[in-house]
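Number of protein chains: 2
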Amino acid sequence: MKDQEPGKPIGGHPTGDMLNAQLLAMLKGWSAYGYELAQQLNDAGFGNYNKGSIYRALRNMEATGLVSSTWDTTSSGPAKRVYSVTRAGTAFLDNWFSLLSWHSKMLNNFLNAGLSATRERSEKKRAE
Amino acid sequence: MKDQEPGKPIGGHPTGDMLNAQLLAMLKGWSAYGYELAQQLNDAGFGNYNKGSIYRALRNMEATGLVSSTWDTTSSGPAKRVYSVTRAGTAFLDNWFSLLSWHSKMLNNFLNAGLSATRERSEKKRAE
DNA sequence: GCGAATAGGTGCATATTGCATCTATATTCA
DNA sequence: TGAATATAGATGCAATATGCACCTATTCGC
């Protein structure tokens, strides 16, 4: 784990599934290309996303079928690899939302009730 | 990234900062030891946490000062390394909550408004 | 033509993860 | 007593992910 830096919520920017979810949400219904997504994320006030990581995340999601891509050679500038979300990508996003809500519910449960309640339940369970 | 499995929100269980946050929430105010935390998480209906990963997460958090530990040799069974949350750990948790809310707000923004609004803003910004 | 911007990508050292396995101490109960 | 089991913590290793720097093209402005 990296050290925390002041001004940012946590040590670094979202990675892994969190980054994937971010990219999928951005792509949902509005296909875009990597460079553009990197710009958006860096402009979005959480700065400092790594371009390499974003390109790799997109290629990985393509490899696992969450997005698909085609080359755009017509519009201005260098060719762009334009991504859009697949059905599987949409499912992933839905799952991500449910994971998020499960996660924060769990956090709050533990913060409010502490381990004590769960402990008693577990001990009872194990005693059966 | 792992394949998704039915019945679980996403392919695998929380790792990294998400797992750290989970453990910290469980420890907040109710110090506990690794084996116990692993049990709780496996009982918590999301099953299949890896014990090795949990032990390592705890040791890493100790190394970065988010938790501290002492040996409990008095209570029954083998010696237990009992963890409690430090001030830095509490700060981490606070940051994690704000990251979570930032993240889900961002997801919802993109899902509701699409990239279009942000795109216009960015293009305007870059044109200045 | 030439420098800067755009767009995508790779190489490599380091960090994380999953899985299996190992050690050691208690407890159970035949 | 003592062998099997449960508890508790930890490590080895292969596979994967990540951060950072760097590289390759193409196009735009002048």
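In order, the protein sequences belong to chains A and B.
At position 118 of the first sequence the residue is numbered 188 (the working numbering), and the sequence of numbers has no breaks.
At position 83 of the second sequence the residue is numbered 153 (the working numbering), and the sequence of numbers has no breaks.
Ideal Cβ placement from N, Cα and C applies to all residues, glycine included.
Only a predicted model underlies this, so the values are computations on that prediction, with no experimental measurement involved.
Among the options, nearest to residue i - alpha-carbon criterion
i, options, result
"V155/B", "A102/B, L89/B, L177/B, G82/B", "A102/B"
"H83/A", "K150/B, S138/B, W172/B", "W172/B"
"I124/A", "T85/A, S174/A, L169/A, N182/A", "T85/A"
"G99/A", "T134/A, S138/A, Y119/A", "S138/A"
Separation of residue j from residue i, as counted between CA atoms
i, j, result
"L107/A", "F167/B", "24 Å"
"R129/A", "N178/B", "24 Å"
"F180/A", "F162/B", "16 Å"
"L97/A", "K121/B", "36 Å"
"D164/B", "A95/B", "10 Å"
"L136/A", "T144/B", "52 Å"
"E132/A", "Q109/B", "36 Å"
"E193/A", "T134/B", "Reliability fails at E193/A, whose pLDDT of 47 lies under 50, so the model's placement of it is uncertain and the value that follows must be treated cautiously. C-alpha separation (whole angstroms): 32 Å."
"N118/B", "Y105/B", "14 Å"
"N182/B", "L170/B", "18 Å"
"T160/B", "S146/B", "30 Å"
Cut-off 8 Å between Cβ atoms - residues of its own chain near residue i, not counting five sequence neighbours on either side
i, result
"W141/A", "A149, K150, R151, V152"
"A127/B", "L89, N90, L93"
"K175/A", "none"
Span of the alpha helix (DSSP H) around residue i
i, result
"Y105/B", "104-111"
"K121/B", "121-133"
"N118/B", "That residue, N118/B, is in no alpha helix (DSSP H); it is neither H nor E in DSSP."
"L93/B", "86-97"
Own chain, CB closer than 6 Å to residue i, minus 5 neighbours either side, in chain order
i, result
"D113/A", "none"
"L111/A", "Y119"
Bounding residues of the beta strand (DSSP E) (the contiguous stretch that carries residue i)
i, result
"S145/A", "Careful: S145/A lies outside any beta strand (DSSP E) and carries neither H nor E."
Residues near residue i in its chain [Cβ-Cβ closer than 7 Å; skip 5 each side]
i, result
"A158/A", "G135, L136"
"D87/A", "W166"
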